[in-house]
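Worksheet: one structure, shown below.
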Amino acid sequence: MHDIPSFSFSRPARLEQPQAVRIEQIVDEAKNIKSFYFSLDADCKAGQFLMVWLPGVGMKPMAVSSQSGKLASITTAAVGSFSKRLFELKVGDRMGVQGPYGKPFDLDAGKSFVLVGGGYGTATMVFLADQLLAKNKKVTMICGARSKEYLLYTDRFKAMKMETLYCTDDGSFGRKGFVTQALKEALKEKPDCICTCGPEPMMKAVLGMAQEAKIRCQLSIERYMKCGIGICGSCCIDPTGERICTEGTVFDAKRAAALTEFGRYHRDGSATRHDF
Amino acid sequence: MHDIPSFSFSRPARLEQPQAVRIEQIVDEAKNIKSFYFSLDADCKAGQFLMVWLPGVGMKPMAVSSQSGKLASITTAAVGSFSKRLFELKVGDRMGVQGPYGKPFDLDAGKSFVLVGGGYGTATMVFLADQLLAKNKKVTMICGARSKEYLLYTDRFKAMKMETLYCTDDGSFGRKGFVTQALKEALKEKPDCICTCGPEPMMKAVLGMAQEAKIRCQLSIERYMKCGIGICGSCCIDPTGERICTEGTVFDAKRAAALTEFGRYHRDGSATRHDF
Amino acid sequence: MADIRIELLGMKLRNPTILASGIVGSTKASVAFAAANGAGAVTIKSVTRDRRDGFANPTIITFEAGMLNAVGYSNPGAKQAAMEFADLSDIPVPVIGSLTGTKTEDFVYVMQQLKGCPFAAIEMPLSCPHTPGFGTMAGQHSPEATKEITKAVVKETKLPVIVKLSPVIQEIADVAKAAEKAGAAAINMGNTAGPGMIINTGLKKPVLSGTAGGISGPALRPLAVRCVYDIYKAVKIPIIGTGGVMTGNDAIEMLMAGAQAVGIGTAIHYRGIDVFNKVSKEIAQFMDQEGYRSIKEMVGAAHA
Amino acid sequence: MADIRIELLGMKLRNPTILASGIVGSTKASVAFAAANGAGAVTIKSVTRDRRDGFANPTIITFEAGMLNAVGYSNPGAKQAAMEFADLSDIPVPVIGSLTGTKTEDFVYVMQQLKGCPFAAIEMPLSCPHTPGFGTMAGQHSPEATKEITKAVVKETKLPVIVKLSPVIQEIADVAKAAEKAGAAAINMGNTAGPGMIINTGLKKPVLSGTAGGISGPALRPLAVRCVYDIYKAVKIPIIGTGGVMTGNDAIEMLMAGAQAVGIGTAIHYRGIDVFNKVSKEIAQFMDQEGYRSIKEMVGAAHA
Ligand SMILES: Cc1cc2nc3c(=O)[nH]c(=O)nc-3n(C[C@H](O)[C@H](O)[C@H](O)COP(=O)(O)OP(=O)(O)OC[C@H]3O[C@@H](n4cnc5c(N)ncnc54)[C@H](O)[C@@H]3O)c2cc1C
Ligand SMILES: Cc1cc2nc3c(=O)[nH]c(=O)nc-3n(C[C@H](O)[C@H](O)[C@H](O)COP(=O)(O)OP(=O)(O)OC[C@H]3O[C@@H](n4cnc5c(N)ncnc54)[C@H](O)[C@@H]3O)c2cc1C
Ligand SMILES: Cc1cc2nc3c(=O)[nH]c(=O)nc-3n(C[C@H](O)[C@H](O)[C@H](O)COP(=O)(O)O)c2cc1C
Ligand SMILES: Cc1cc2nc3c(=O)[nH]c(=O)nc-3n(C[C@H](O)[C@H](O)[C@H](O)COP(=O)(O)O)c2cc1C
Ligand code: FES
Ligand code: FES
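Chains as they are written, first to last, in my numbering: chain A, 1 to 276; chain B, 277 to 552; chain C, 553 to 856; chain D, 857 to 1160.
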């Protein structure tokens, strides 16, 4: 009945609010690293994150580290006030979870993938491996950590149909040295795509190697996040102003290489700059 | 992702606001009665009404008197300030239209129908005849008016595949006398259903005859209406409090007979009672 | 099933949903219709000293986030209303009378006229945002005016008096305290917000004939919840939380903010006249799932 | 196609959509991103004297009728902001600086710090509803405070100063007049409403860490339109209409109420960062269909 154009648009069906979930299981993954399992009524993809809310404490972005049916998990490193309070939770306790958010990895970027994870970035890589293997892709996983006790998911990896290469700075498990060493070797097999998530200097090195070898590369980038939904701007990156929560978290090599800020500095919650 | 029931409900998709429409055609139907045609992007059913808005003047309920494709019409009697201003509009002018609202007639209440219309209530009856004939029902139309010059749709009726009986108080056209006379005869053919819309004393008489003859009967009832959407309560009828705009306009004989107010009194915009 | 009955101002309610004033409610039959569809209690449309036609139509429209109304207190006046509501014996739930006016004397006059009606409580809006001479347009929502009008009406009746506040004042707790001090038995928090305006771009005119109207429905809820939350900290008298309650979860938000019952109006448009039954069922479902045994356990829970 | 360019305070805008303050905007890159997606002009996030972390997260959530935020003016402080926005030569549209403070001296101080930045205009919110010490929580939205702060900042700069008002005051025209008298070059009408609160019923807590937050998006639009309509009758300086503009039709409602341009924030969530392009296209489409040749023809049309 409109003579006048009504310009209707489809409203987001989901309310962007935390929902109360119950913790079903807690797994000690490594020194100061735990996974928290809870039921989640949403489909997550590798590279996406959830906003996790502890009332009175805060709300932080956390990568999805697994999802099987309705059971999903995050994997958290105890580093500061939020993560330490999260560690005090027990099975049966509740927390708020919102999301998932962010653009995920492209699972169809080839047939063979090399995944490079460092620190809790491995959370994203193990979930990506799950999803790639489900699509019958060939996967090589490279994990780095300071030492054996910081290595994540060693049991989960063992049960997965892929090659896993461990690197520790002190040689306490797998090879001694950086993941870049292992990656160099893995590149000899000419994989179709490299995916990486971890400390930014590590990702920057991986990106350089991929570009040199002319192999496709996808990176999951982190920035300070408040809203997760593209409004607050705290995750905007120089010089394009793209929002990591919305245009990211996953960038391909070309888009990542254009980010002058990448590997050099980042901003905190007040938008104050800090060098890496 | 809800642990907590979210109790979602489907929100009405349509905004209940008048939309600006352009008057495409104006037809002089009878003395002080005109039809206004305009394009309407909604499906109307007989028994439903539109809210017609003239900015600075008012907004009034008007029965749908036809719809063919996107072209719909109302038929208005010039009686007071609103309708007289409506009569000043020309082809190409704009007005606001909102709706349609109300529960329509049940077209599947039988195979043969007798329709009894009086005054501008005939607007509803002619549209109902259109819709019944489109469903291959047998239709007999009975129209009443004071005199020939007040009879509506005589040309439209002629073109329709049904019998039409005219009654005028002064015998200036068709038979002399009330529609009840003609209805009495028509009932001899044992129609499946009587439908009526018009002055309330007329409808009350029709209802009585239908009940006596044990023939199904549907009535389109009017009450003062402000919102048309079931909120203001100005159309609530005694003793059930049903809203004519929402639970009506069409009532079957049983429900109508339970309305102690029907045929006896009605309320104005301040809810002050007036006897018929 | 959880027990969703409550006691409020001596009234026993089968559930905490109350038909808000002015959504139907001008006639006894219309509030009976809401009762027949599950309301725990019903409020009549506000009555003024004299008969009022209110604003010309359009008076009620919706937008994508809620509803706008500028009805303008149309009602048949105190004397006719007193007749309409003289006998409420066939309504199975408590009926709350509502009255308003432009001057304190008018409030008192209407109260006197309605004395013979068997209402369970009396409510007074001091908070309509769009009717000249009334509510916020007349400054009735200030702590001072609230105190004066409340005192005068409380003196006039033995019934508990509910004062209905406007969510437009940021220091809402001050107004609630003024009402409490003046003898109010409860706060209804509250009325519509705004006023707001919708312009039809094709006809280049504000749609409501009153140009601006009170905002109700989903758009209003967070504002109303915040006000209930603020008032709960400030007063001891019970609060009825009104504004945008659509679902059981919305009702529970109100309860957790500090309300003991909820008013429901606009939701009738979104979910039908039986929204009272639906919301009550959803409240019970929530309680069963979360292990609450009584409504009381949830009241004010967000303050812990 | 219709000509949708406008002139506002000496700025030439390719279309009447302006990125509202605080939706992205802390960095040059972030406002450039909005410009790259069609904004006719962009506003930076408000800057305060000192660095502020703002409220803890959650700071931004949505509900079915809009958005709630209590960010709390997080920003790196005036000195760092002055460096961030020192060179704007690569941004293809006018950039509006935004500053705020708790005291008049702070407004002046930030203005002095930002003097070197090539902004096209300066905007000052006196209207944040949820940050202690600022806006309505500090009474900055009264006519008196508006006058004092505006005067002080206007003295400090040659740039046109836009004063951003709060929709919570019913007598909004008085505030706009105070701003005009004090030398404001334009009114931005306006900021978020409320504040409002959302309680998570499972965790029994207000979701925002600031408990209450400003209401934006569709829920706000009728309120903002009404305020623009009221102000248009009271002042001669141009108005930027901000609040719940989602579509071209919404923008035209603002224009017809009396705005010369529209601010857009929350719609980025509903329709993506390119909402500026979308709304501009829809405005042009409407104009073509209805036969308008310039934006000017629509400004204030609802008052005729
Ligand atoms: C997309 C994304 C995915 C993430 N996934 C995980 C994950 O799977 N596991 C995990 O343990 N952590 C993850 N983080 C980091 C996590 O959000 C927190 O930063 C971390 O838990 C530290 O918070 P804290 O309060 O315990 O420590 P703090 O002492 O408050 O912070 C330690 C450091 O964490 C960073 N940080 C703090 N708050 C944020 C924030 N809101 N957004 C981004 N960085 C912040 C800052 O660099 C800070 O210096 C992720 C971050 C992002 C952006
Ligand atoms: C469901 C319904 C369908 C209607 N269909 C038609 C129609 O097809 N053609 C037509 O000409 N009229 C129709 N009407 C009546 C119409 O709404 C107006 O009442 C009529 O146009 C007179 O308005 P006025 O201002 O010109 O005269 P007024 O002098 O204002 O009113 C004359 C009488 O009309 C009645 N009336 C006035 N306003 C309303 C109102 N808002 N709602 C109901 N009754 C009112 C009152 O009994 C009043 O005494 C219908 C009414 C209803 C409720
Ligand atoms: C059409 C309409 C008429 C109203 N009339 C009155 C009234 O007469 N008296 C009153 O106190 N409140 C009146 N109100 C306010 C409602 O009682 C209620 O406080 C408000 O609508 C918010 O609740 P809701 O969102 O559930 O509708 C009216 C509201 C609407 C929508
Ligand atoms: C997350 C967020 C942050 C905001 N921060 C500011 C701010 O720093 N300064 C300001 O003047 N307004 C701020 N506002 C208000 C907006 O500029 C705008 O006035 C308001 O959101 C209404 O417009 P919208 O409905 O288009 O979002 C903020 C709004 C939001 C949603
Ligand atoms: S986290 Fe707010 S815009 Fe990305
Ligand atoms: S016209 Fe308003 S309820 Fe029927």
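The C-beta atom is built at its ideal place from N, Cα and C for all residues, glycine as well.
Contact under 9 Å by Cβ, residue i with residue j
i	j	result
N567(C)	I575(C)	no
P515(B)	A853(C)	no
A1041(D)	A977(D)	yes
I33(A)	L89(A)	no
A1080(D)	A926(D)	no
G378(B)	T525(B)	yes
S357(B)	S349(B)	no
L362(B)	F312(B)	yes
N740(C)	V715(C)	yes
S768(C)	G800(C)	no
I497(B)	I470(B)	no
Three-state class that DSSP yields for residue i in the structure shown
i	result
A296(B)	strand
M277(B)	Unreliable placement is indicated for M277(B), whose pLDDT of 36 sits below 50; the coordinate value is still reported in the next sentence. In the structure shown, M277(B) sits in coil (DSSP, three-state: anything other than H, G, I, E or B).
G393(B)	strand
T472(B)	strand
S510(B)	coil
N740(C)	strand
I1108(D)	helix
H682(C)	coil
D445(B)	coil
Q181(A)	helix
Residue i Cβ short of 8 Å to ligand 5 heavy atom set
i	result
G80(A)	no
Classification of residue i by the beta-carbon crowding that lies within 10 angstroms, buried from 16 upward
i	result
S1150(D)	exposed
H693(C)	buried
E696(C)	exposed
D943(D)	exposed
N743(C)	buried
H986(D)	buried
F538(B)	buried
G171(A)	exposed
K411(B)	exposed
R267(A)	buried
Near ligand 4: residue i beta-carbon under 8 Å from a heavy atom
i	result
Y224(A)	no
Any non-hydrogen atom of ligand 6 within 8 Å of residue i CB
i	result
A66(A)	One detail in the question is off: residue 66(A) reads as Ser in this sequence, not Ala. The answer is no for S66(A).
I497(B)	no
Contact test: residue i Cβ vs ligand 2 heavy atom, cutoff 8 Å
i	result
F325(B)	yes
S248(B)	Shown here, chain B extends from 277 to 552; a query on residue 248(B) therefore has no answer.
A353(B)	yes
G420(B)	no
Any non-hydrogen atom of ligand 1 within 8 Å of residue i CB
i	result
C245(A)	yes
D268(A)	yes
Residue i CB to nearest heavy atom of ligand 3 below 8 Å
i	result
E675(C)	yes
T857(C)	Absent from the model: residue 857(C). The displayed extent of chain C is 553 to 856, so no value can be given.
A873(C)	In this structure chain C extends from 553 to 856, so residue 873(C) is not present and cannot be described.
C680(C)	yes
Per-residue contacts from residue i into chain F (C-beta, under 8 Å)
i	result
F615(C)	Although the question refers to chain F, the structure presented lacks it and instead comprises the protein chains A, B, C and D.
Around ligand 4, Cβ to any heavy atom closer than 6 Å, ordered along the chain
One residue list follows from the rule of a beta carbon closer than 6 Å to any heavy atom of ligand 4, given in chain order as I231(A), C232(A), A876(D), S877(D), G878(D), I879(D), K901(D), S902(D), I916(D), M923(D), N925(D), V927(D), Y929(D), S954(D), P981(D), K1020(D), N1047(D), T1048(D), S1072(D), G1073(D), L1076(D), T1098(D), G1099(D), G1100(D), V1101(D), G1119(D), I1120(D), G1121(D), T1122(D), A1123(D).
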